[in-house]
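Read in order, the letters of the sequence shown are residues 142 to 1129 in my numbering.
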Amino acid sequence: MNDSRKLNFGRLAMSASLLAIGVAAQPAFAQDTSASGDNEEDVIIVTGIRASLEQAQDIKRNAQGIVDAISAEDIGKFPDTNLAESLQRITGVSIDRASGEGSTVTVRGFGPEFNLVVVNGRQMPTSTLGDGFSAPSTRSFDFGNLAAEGVAGVEVYKSGRASLPTGGIGSVINIKLPRPLDRPGLKGSIGVKGVYDTSQLYGTDITPEISGIVSKTFANDTIGILLAGSYQKRNGGQAQFTVGNWRPGYTGAENNWGTLAQPGDPRFANIENRPGPTDIYQVPQNAAYDFYDFQRERINGQAVLQFKPTDTLDVSFDYIFAQNTFESRQSSIGVWFNHNDTSSSWTDGPAAGANFYAENFLAAEGKDLAITGAVGSNRNINHSLGGNIKWEGPWGLRLELDAHHSTAESKPTSPYGSGIAVGTAIFGVASQRVDFTTDMPVISVAMHPGSEVEAENIRPAGNAFRNAYMKDTIDQVSLRGGFDFDASFIESLDFGVSYIENDVRTAFGIIQNDTWGGTLSAADTPDSLFTPRALSPDLAGMNGSNSQGIIPTYFLIDTEGLISLLDDRLGICDAAPGDTCLAPYSTDRRILEKSITPWVQSFHSFDLGEARANLRLGLRYEKTKVTSRALAEIPTGTIWVAQNEISLVKTPGTDFTTLKGEYENWLPAIDFDLSPFENVKLRASYSHTITRPDYASMQGGITLAQPLRVGAGGSQASAGNPALLPYKSKNVDLSAEWYYDRGSYVSVGFFNKKVSNFIANDTTQTPLFDLPDPSQGAAATAARQAIGPNATFDQIVAWVQANRPADYVAGVGTAGGIAGRSGDPDVIFTFTQPSNSDQQARLWGWEFAIQHNFWDTGFGAILNYTIVNSDTAFDNTLPWTTTQFAVPGASDSANAVLYYDKGGLQARIAYNWRDRFLSGKDQDPYYIKSYGQFDASLSYEFREGLTAFVEGINITNADRTGVRRNDRAIFFAAPGYARYSAGVRFTF
142 MNDSRKLNFG RLAMSASLLA IGVAAQPAFA QDTSASGDNE EDVIIVTGIR ASLEQAQDIK
202 RNAQGIVDAI SAEDIGKFPD TNLAESLQRI TGVSIDRASG EGSTVTVRGF GPEFNLVVVN
262 GRQMPTSTLG DGFSAPSTRS FDFGNLAAEG VAGVEVYKSG RASLPTGGIG SVINIKLPRP
322 LDRPGLKGSI GVKGVYDTSQ LYGTDITPEI SGIVSKTFAN DTIGILLAGS YQKRNGGQAQ
382 FTVGNWRPGY TGAENNWGTL AQPGDPRFAN IENRPGPTDI YQVPQNAAYD FYDFQRERIN
442 GQAVLQFKPT DTLDVSFDYI FAQNTFESRQ SSIGVWFNHN DTSSSWTDGP AAGANFYAEN
502 FLAAEGKDLA ITGAVGSNRN INHSLGGNIK WEGPWGLRLE LDAHHSTAES KPTSPYGSGI
562 AVGTAIFGVA SQRVDFTTDM PVISVAMHPG SEVEAENIRP AGNAFRNAYM KDTIDQVSLR
622 GGFDFDASFI ESLDFGVSYI ENDVRTAFGI IQNDTWGGTL SAADTPDSLF TPRALSPDLA
682 GMNGSNSQGI IPTYFLIDTE GLISLLDDRL GICDAAPGDT CLAPYSTDRR ILEKSITPWV
742 QSFHSFDLGE ARANLRLGLR YEKTKVTSRA LAEIPTGTIW VAQNEISLVK TPGTDFTTLK
802 GEYENWLPAI DFDLSPFENV KLRASYSHTI TRPDYASMQG GITLAQPLRV GAGGSQASAG
862 NPALLPYKSK NVDLSAEWYY DRGSYVSVGF FNKKVSNFIA NDTTQTPLFD LPDPSQGAAA
922 TAARQAIGPN ATFDQIVAWV QANRPADYVA GVGTAGGIAG RSGDPDVIFT FTQPSNSDQQ
982 ARLWGWEFAI QHNFWDTGFG AILNYTIVNS DTAFDNTLPW TTTQFAVPGA SDSANAVLYY
1042 DKGGLQARIA YNWRDRFLSG KDQDPYYIKS YGQFDASLSY EFREGLTAFV EGINITNADR
1102 TGVRRNDRAI FFAAPGYARY SAGVRFTF
């Protein structure tokens, strides 16, 4: 602050009425009131790698608390092509990728749901279409929606602060967008590049990316206009192995559908190294190879009008637009297991894994080789309109009013919905086997005569059309302010209040035709709908993709043509409105959160002996009210349609249920730093932070997972709880930093987070809606008594059709189905409902970083390593019936960057690594194996302002793999692909 604007402490009493007004403030991000009194706006004027790193270092050094940052290398030029890819260079930050691009972040072991993303200090709405099998529910921010070219910088706040918006236990990430008066005059940048993605399976397209930003000031730099926009198109693909469902972690002694044969069963002899009675194992329910190609189109735009008529008044209005459209086409081929005539081999326990799992079938069984097609086109659209007024008054008074209305919406743009599966099959599998001993598991099949893997033998089967929708609207008003004092023991007092309404709607519907036994004949299905293609070349990249015996062929499916045929002949989309296959919403959730958040913090600067010390004391109060409304459907019956599938019969009509909840929190924050020596800074911070529950956990009504499953507890149901309290973390952060040269430093940090209010899914085994279980009902029991206890589903259905026709349902399943009756046993659901548990978790770890410029050589290096420990872990040796508590996301990570920046030439090679981590769990865990990736870039400014560049992402084609309880229990294996781009940029 300028001395003329400081408030003499003796005048404080006369200003008490001003303070009583309750004017409020969130701080300017990446800017802390300090003893120097400098409160000017951050001016981002950087060119090149070294200047960008120096500015990020200055932000880290001058901040109170633990803050890391990334700054633009020049206007319109961010260090990486994707914001998430840039964030992973920060110590303690890891990313998750979608379609080869960074999308979400994990900070210090806390995943995307635990990190709050704000733009220019404003809380932003988020939306997604989720997993495609249920209503979307996430709060996590998808960085793939924003182009990096329009970003001025990103700041990661790792320690809590009273002035920060709440919601991030892991961190609060502030994306800073440029403003015109930060760069007086006419400034701008235009970039054009072509992108070649080697993941393309069916082409070698080079796609365009165009970006531009222009800023102009007028009237002696008191008025400024900034316009920015980008258009990016990318074509890519992915081939991968998947197991959509591993059966639960059975004990060796368990005898259930899907378990291994027990002694005395003839199939017992077909098991090599069978897991012992107390060992845990999982068997696959299915396995497939998926091949999909996609087109991603991203459009971003920004507009800012800024007016500063005096040195003390600054008014601005801004608009942000982001649209991300993702179109994809998928063809799959795979197998499903009935768990009858099986053979297998196993690793040693106590958590055993399958070396291979195989099953034989008689010709009369008509076992299907599943051939599935899918198409989709989904779009995310973000709008944000905001305004800001800053006023610097007398006596050191600062006031700021900020408001915005922002929306995020995700919806399908195709007539088929957000996620579909149109099944076809060749009926006549003689044997099928999945070998898990190679990096890419090998699926092998043998067919009975007359059922060869050829287009002429393919018949349509079942299909599903899923339709998801999500919209998030945030209205936020913040009044913030502060005083700067001329006093020895207090430098400034900041205070503020914010009101936020977060209105969320998520919806989902499904049209499913359970005709898995086939509909039209192969003769009635045109062969032209299926184009055969060699499988191994498209799957290449991992050990096992060229193995002898692998399925030799898959088929590119004309899914639109197949849908048209089936709708014309069978009316598969009759339940949808108009000429579409858009499923009506059967799940429709509305959640409204209203939060009011006053806060206050003071800043003190003083001497401790010869050392200069700074202390910030803050307190934030949060009060949130939640109203949750849910549309609930009414199931009235069941039909057994496949070996492990039971369909629901529903009564038309739905109704809304409403539930409410509220909570409040007091969140203290203390930051202290000390400079005992020149260029050395020691920090200590203590804070409380919260993360709100995901939307699915707060929804009202009961949701049944479809289809229902055979066997007690195999069917899943859930309900939400809007009275849930947020996760709460008590944080300790310590850091020692030595800034030994310009652009060079060494730092060591320690963090400790003790988290409570974890959401536990209370699980019970219970019937719901009096739904009968026809797989255990009178008709099925009579069939087993007549045929034998090991009768297959098709045999049972055939017997019921012949002997109990009133219980037979035609047109569903592989050969019809069996209706549930009121006298049948109830379906037993595994019913889960969230509640706040008394469980607590401690995550702690260390962050080590060094950034070094090699004097005037132009070379430099960045090295960092993060250790994350957790006192919770999933025990793979406990059976699936044991409820376990474990926090996903905790893992070590590291980054190494070597760069050169001199004489207009810039080059960089970067390596990012993340250790194995728990990515999620149900009754069983999901792990992502350790992963490392190399990226590189090179640019040369051959004329002033004109630069040519090339970039490479994942240049070594690093692969990714996910496993369950054992490393042989692979649920996905995906070859990696490099992506290259080249272009020119003109800066003025």
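Where is the CB? At the ideal position from N, CA and C, for every residue including glycine.
C-alpha distance - Ser551 paired with Pro739, whole-angstrom precision: Residue numbering aside, residue 551 sits at position 410 when the sequence shown is read from its first letter. Residue numbering aside, residue 739 sits at position 598 when the sequence shown is read from its first letter. Rounded to the nearest angstrom, the gap between the Cα atoms of Ser551 and Pro739 is 32 Å.
Sequence-distant residues of its chain with Cβ nearer than 7 Å to Ala562 (five each side left out): The count along the sequence shown starts at 1 and reaches residue 562 at position 421. Excluding residues within five positions, the ones whose Cβ falls inside 7 Å are Thr513, Ala515, Asn604, Ala605.
Enclosing beta strand (DSSP E) for Tyr827 [first to last residue]: Counted from its first residue, the sequence shown places residue 827 at position 686. Where Tyr827 is concerned, the enclosing beta strand (DSSP E) stretches over 821-832.
Ordered list of alpha helix (DSSP H) runs contained in the segment 311-343, each at least 4 residues: none
Cβ pair Asp1033, Thr1007 closer than 8 Å: Here residue 1033 corresponds to residue number 892 of the sequence shown, with the count starting at 1. Here residue 1007 corresponds to residue number 866 of the sequence shown, with the count starting at 1. In this structure, Thr1007 lies closer than 8 Å to Asp1033 by Cβ.
Pick from Asp625, Ser816, Arg238 that is closest to Gly750, judged by C-alpha positions: Mapped onto the sequence shown, residue 750 falls at position 609. Looking at the Cα atoms, Ser816 is the closest of the given residues.
Cβ-based burial, Thr799 [other Cβ within 10 Å; buried from 16]: As a working note, residue 799 is residue 658 in the sequence shown. In summary, Thr799 is exposed, with fewer than 16 beta-carbon neighbours lying within 10 Å of its beta-carbon over all protein chains present.
Ala1099 versus Ala1123, Gln1074, Glu1082, residue with shortest Cα-Cα distance: What you label residue 1099 is simply residue 958 of the sequence shown in a count that begins at 1. The option with the nearest alpha carbon to Ala1099 is Gln1074.
Three-way DSSP call (helix, strand, coil) for Tyr726 in this model: Counted from its first residue, the sequence shown places residue 726 at position 585. Residue state, collapsed to three classes: coil.
Beta carbon of Ala210 nearer than 8 Å to that of Glu296: As a working note, residue 210 is residue 69 in the sequence shown. As a working note, residue 296 is residue 155 in the sequence shown. For Ala210 and Glu296, yes; Cβs fall inside 8 Å.
Terminal residues of the alpha helix (DSSP H) in which Phe1000 lies: Here residue 1000 corresponds to residue number 859 of the sequence shown, with the count starting at 1. First-last for Phe1000: 1000-1011, but that is the beta strand (DSSP E), not the alpha helix (DSSP H).
With 16 other Cβ atoms within 10 Å as the buried cut-off, status of Asn820: Indexing the sequence shown from 1 puts residue 820 at position 679. Exposed.
Inter-residue Cα distance where the pair is Arg833 and Gly252: Position 692 of the sequence shown holds residue 833. Position 111 of the sequence shown holds residue 252. Going by the C-alpha atoms only, they are around 13 Å apart.
Residue closest to Phe1134, alpha-carbon to alpha-carbon, out of Thr269, Leu526, Thr307, Asp489: With the chain covering only 142 through 1129, there is no way to say anything about residue 1134.
Nearest-angstrom Cα separation, counted from Ile567 out to Ala663: Numbered from 1 along the sequence shown, position 522 holds the residue referred to as residue 663. Numbered from 1 along the sequence shown, position 426 holds the residue referred to as residue 567. Computed Cα separation, rounded: 9 Å.
Residue interval of the beta strand (DSSP E) (run including Ser859): Position 718 of the sequence shown, counted from the first residue, corresponds to residue 859. Residues 856-860.
Alpha helix (DSSP H) segment containing Glu701, residue limits: Numbered from its first residue, the sequence shown carries residue 701 at position 560. Residues 700-711.
Validate contact between the segment 1112-1124 and the segment 373-393 using beta carbons, cut 8 Å, 3 pairs: In short, these stretches touch, since the Cβ pair count reaches three.
Whole beta strand (DSSP E) elements within the segment 866-927, 3-residue minimum: 868-882, 885-897, 900-907
Neighbour flag for Thr232 against chain D, beta carbons, 8 Å: Given the protein chain composition of this structure (a single chain), no chain D is represented.
Selection from Ser547, Phe458, Ala410, Asp431 that minimises the alpha carbon distance to Ser486: Taking the first residue of the sequence shown as position 1, residue 486 is located at position 345. Closest option to Ser486, Cα to Cα, is Ala410.
Touching by the beta-carbon criterion (3+ pairs, under 8 Å), the segment 194-204 and the segment 880-897: yes
Backbone CA spacing between His546 and Ile461 [nearest angstrom]: Against the sequence shown, residue 546 aligns to sequence position 405. Against the sequence shown, residue 461 aligns to sequence position 320. Going by the C-alpha atoms only, they are around 11 Å apart.
Segment contact flag, the segment 481-500 with the segment 689-709, C-beta cutoff 8 Å, min 3 pairs: no
Three-way DSSP call (helix, strand, coil) for Glu593 in this model: As a working mapping, residue 593 is identified with position 452 in the sequence shown. Three-state result, Glu593: coil.
Buried/exposed call for Arg621, threshold 16 Cβ in 10 Å: Reading the sequence shown from its first residue, position 480 is the one you call residue 621. Looking at its Cβ environment, which holds 16 or more other Cβ atoms inside 10 Å, Arg621 is buried.
Counted within 10 angstroms of its Cβ, other Cβ atoms place Pro418 as buried (16 or more) or exposed: Taking the sequence shown and counting its residues from 1, one reaches residue 418 at position 277. Exposed, because fewer than 16 other Cβ atoms sit within 10 Å of the Cβ of Pro418.
Own chain, CB closer than 7 Å to Val187, minus 5 neighbours either side, in chain order: Here residue 187 refers to the residue found at position 46 of the sequence shown. Because Val187 sits at a pLDDT of 39, beneath the cut-off of 50, its placement in the model cannot be relied upon, and the following sentence gives the value as read from the coordinates. Excluding residues within five positions, the ones whose Cβ falls inside 7 Å are Ser193, Gln196, Ser212, Ala213, Glu214, Asp215.
Reduced DSSP secondary structure (H/G/I, E/B, other) of Leu228: Looking up residue 228 in the sequence shown gives position 87. Leu228: helix per DSSP, three-state reduction.
Under the three-state DSSP convention, the category Ser175 falls into: Against the sequence shown, residue 175 aligns to sequence position 34. Reliability fails at Ser175, whose pLDDT of 37 lies under 50, so the model's placement of it is uncertain and no value is given.
The segment 665-674 touching the segment 629-649, judged by at least three CB pairs closer than 8 Å: no
Euclidean distance between Cα positions of Asn1036 and Thr232: As a first step, residue 1036 must be located in the sequence shown, where it is residue number 895. As a first step, residue 232 must be located in the sequence shown, where it is residue number 91. Rounded to the nearest angstrom, the two C-alpha atoms are 8 Å apart.
Spatial neighbours of Gly329 in its chain, beta-carbon cut-off 8 Å, leaving aside the 5 residues before and after: Your numbering for residue 329 matches position 188 in the sequence shown. Cβ neighbours of Gly329 beyond the five flanking positions: Ile216, Gly217, Gly353, Ile354, Val355, Ser356, Thr1128, Phe1129.
Buried versus exposed, by CB contacts within 10 Å (16 or more), Phe284: As a position in the sequence shown, residue 284 is number 143, starting the count at 1. Its Cβ being crowded by 16 or more others within 10 Å, Phe284 is buried.
Residue burial classification, Phe435 (beta-carbon count within 10 angstroms, cutoff 16): Your numbering for residue 435 matches position 294 in the sequence shown. Label assigned to Phe435: buried.
Cβ-based burial, Ile775 [other Cβ within 10 Å; buried from 16]: Along the sequence shown, read from residue 1 onward, the residue named residue 775 stands at position 634. Exposed, because fewer than 16 other Cβ atoms sit within 10 Å of the Cβ of Ile775.
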